[in-house]
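Here the sequence shown stands for residues 3 to 172, numbered as in my numbering.
For every residue, glycine included, the Cβ atom is placed at its ideal position computed from N, Cα and C.
On a predicted model such as this, the values are computed, not experimentally measured, just so you know.
Worksheet: one structure, shown below.
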Amino acid sequence: MLRTVKRAKILPRKNPSTAAEARPLPFFDPDYPVKPWVAYTGERFQTVSVPLERSYLAFILEDPSIRHTAKTRRAAEDAVKRAYSGKRNPATTTVAELAGLIVIMEWEKPYHVTYVPELDNISTYGKTREQALERTKALILAYVETSRDLGYRLPLSKARINTLVSSLKG
Numbered sequence: 003m004l005r006t007v008k009r010a011k012i013l014p015r016k017n018p019s020t021a022a023e024a025r026p027l028p029f030f031d032p033d034y035p036v037k038p039w040v041a042y043t044g045e046r047f048q049t050v051s052v053p054l055e056r057s058y059l060a061f062i063l064e065d066p067s068i069r070h071t072a073k074t075r076r077a078a079e080d081a082v083k084r085a086y087s088g089k090r091n092p093a094t095t096t097v098a099e100l101a102g103l104i105v106i107m108e109w110e111k112p113y114h115v116t117y118v119p120e121l122d123n124i125s126t127y128g129k130t131r132e133q134a135l136e137r138t139k140a141l142i143l144a145y146v147e148t149s150r151d152l153g154y155r156l157p158l159s160k161a162r163i164n165t166l167v168s169s170l171k172g
């Protein structure tokens, strides 16, 4: 015995959901321009990022003097977050220059931790400031050499990399 089933008539919804209902926390969307953050000190702040012609501009809502442009939204936001964290806590963050590269050094008891933003944030540490900088030199040389050996694209120009290597070795 065959049974026939009637199709239910599909009625249009009277109150379709809005975008706000679909995303109750819009800042989780990577393209949302305003994002809240909490610094490691517990301080709350917000980044604002807007697209430009071929890049993105990001700034800190609480301190608009801290701003940065980059090719991607995430890179611009990361740069202003680092700058804001360093500016807000000068007792634990210092900036040094090593062969033309900016090295950010943070004191995280009991070590000095360094990272180089221009080289994909490579990072090392040392018990003293001098030891951390020596390890950073060695890490930069190893990073460049390994990247060349493996055929990876380095984030700096070839001329800048050559002068960097010669100044660190010499």
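Query	Result
Provide the residue(s) that pair with Pro66 in DSSP beta bridges, ordered along the chain.	Answer is none; Pro66 lacks a bridge partner.
By the 10 Å Cβ neighbour count, where 16 or more other Cβ atoms means buried, how is Glu55 classified, buried or exposed?	exposed
So Ser125 packs on Tyr113, CB below 8 angstroms; how close in whole Å?	The pair is not a contact, with the Cβ atoms about 11 angstroms apart (cut-off 8 angstroms).
Going by Cα to Cα distance, which pick from Phe47, His70, Ala85 and Leu100 is closest to Leu135?	Leu100
Which two residues bound the contiguous beta strand (DSSP E) that contains Lys129?	Neither: Lys129 is in no beta strand (DSSP E) and is coded neither H nor E.
Hey, quick one: how far does the beta strand (DSSP E) through Thr49 stretch, first residue to last?	Arg46 to Pro53
So for Ser169, helix, strand or coil by DSSP?	helix
Compute the Euclidean distance between the alpha carbons of Asp80 and Asp65, then round it to the nearest angstrom.	15 angstroms
Using a Cβ-Cβ cut-off of 7 angstroms (strictly less than) and excluding sequence neighbours within five positions of Ser149, which residues of its own chain qualify?	Leu156
Along the beta strand (DSSP E) that carries Ala98, what are the first and last residues, could you check?	Thr95 to Leu100
Where DSSP assigns a beta bridge to Tyr58, which residues make up the other side?	Pro53 and Ala72
My output table needs one value for Tyr86: the three-state DSSP class, helix, strand or coil.	helix
With which residues is Val115 paired in a DSSP beta bridge?	Glu108 and Tyr127
Report the residue from Ala41, Asp122 and Ala78 whose alpha carbon sits nearest the alpha carbon of Leu59.	Ala78
The beta strand (DSSP E) spanning Pro38 covers which residue range?	Val36 to Val40
Opposite Leu103 in the DSSP bridges: which residues?	Leu100
With a CB to CB cut of under 7 angstroms and the five nearest residues on each side skipped, what residues in its chain are close to Ser57?	Thr71, Ala72 and Lys73
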